[in-house]
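Count along the sequence shown from 1, add 4, and you get the number used in the working numbering. Where a beta carbon is used, it is the ideal one built from N, C-alpha and C, also for glycine. Quick caveat: nothing in here was measured; it's all calculated off a predicted structure.
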Amino acid sequence: MKKRSPRPSQQNISFRFRFVKLPVTWEILTGARWEQYKAATLKNVAAKLKRELTPDEIADFERRIPAAPLLRGQMRKIQTLDSEVLTEIADLRSLRDEFFALPEGDLDTLAGFLNKVGAWPSSGDPSKGTPGYALSFPVFVQPDEVWAFRRDLDDALLDRNRQSFKEAVTPVSSRPKTWLDLYVPHPANDFHLRFELSNVVAGVVTLTNARHALFATVLADIARGIRFKMCARKGCTVPFPITSKHGKKYHSVKCGHLALVQKQREVERKKREAEKRRKRRKSSRGQGSQR
């Protein structure tokens, strides 16, 4: 009997995201800083035109300048491309948790986060999936747009409008049918995949745009059908995956500890208030008996 030749081993190939931080520095433009930025912008326009701007032109350009507060990101000048060492942020989901935990409206904390992650597209850029190195710097981000983007991610993860989210970011047909379909500039759900054939075979998606990277983690979790719930601690805004039926309430051990501390403080506060009421009632009865 003829022996069958052994079949080559086969394996499922997983994929992962690799986020590379670019050397972008962020600053807050508000008040005097924003006025300086506006004046410099008008000066640059006049220099390009090689003439003074008319009052109507000044008014027109001022309307185009984003209103304060504003965050400006500038790429550091790269001396030599082959010697610039880039930083990789490995744990994108922890980064996403940090993004969700930012207190809304806190410009300093938001600027600190952007300095940590590097490139983020301008609020007026129609293509949010542009790679970070291909963005036109400086970039300008309006805080309200960032908070709105976070609410959209939050709603998608918590299944409040997951179907609408899918319809908005997923094309009706994934296969291009016309030349025009091929030239859609960096759609939000378009990623460049590379295979790494090392000891652990994997497909790797390298991202350099922090907004797009956060968006990618949400797309991946939705595609996997993962369900999320909001952390139960008062004041926490971080959604976390439901991984079992044991009723996990908090997104992290630290958050659970903080919730316990909050509960204990609330119990102690109520005890103090009850003791104060008891003393007032006792004092009122004492005054009544003296009369």
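Of the listed residues the options, nearest to residue i (C-alpha basis)
i, options, result
"Q132", "I62, A278, D156, N193", "It should be pointed out that residue 132 corresponds to Lys in this sequence rather than to Gln. Here the closest residue by C-alpha is N193."
"D60", "K54, P73, A51, L46", "L46"
"T247", "G260, I230, H261", "I230"
"L33", "P27, V145, G136", "V145"
"V143", "V150, S127, W151", "S127"
"L90", "R155, G260, A278, T212", "T212"
"A227", "V205, E171, D95", "E171"
"Q299", "D159, L162, R282, P27", "Any question about residue 299 goes unanswered here, given that the chain covers just 5 to 295."
"D156", "L223, R198, P245", "L223"
"D95", "L218, E270, K274", "L218"
"L85", "D129, P243, Y137", "Y137"
"P73", "V265, A43, E149, K54", "E149"
Whole-Å CB distance - residue i paired with residue j, under 8 Å assumed
i, j, result
"A115", "E31", "7 Å"
"F23", "E92", "7 Å"
"P147", "L111", "6 Å"
"A206", "I17", "7 Å"
"A105", "T241", "6 Å"
Where the alpha helix (DSSP H) through residue i begins and ends
i, result
"V222", "214 to 227"
"L46", "36 to 53"
"K120", "111 to 121"
"W183", "183 to 186"
Span of the beta strand (DSSP E) around residue i
i, result
"W18", "In the sequence on display, residue 18 carries Ser and not Trp. Run containing S18: 18 to 25, per the beta strand (DSSP E) assignment."
"A105", "Run containing A105: none in the beta strand (DSSP E); it sits in the alpha helix (DSSP H), 96 to 105."
"V145", "143 to 145"
"F244", "243 to 245"
Determine, using beta-carbon pairs with one atom in the region 251 to 261 and one in the region 229 to 238, whether at least three such pairs fall under 8 Å.
yes
Between the region 66 to 81 and the region 114 to 125, do three or more beta carbon pairs fall short of 8 Å?
At 8 Å Cβ cutoff, the stretches touch.
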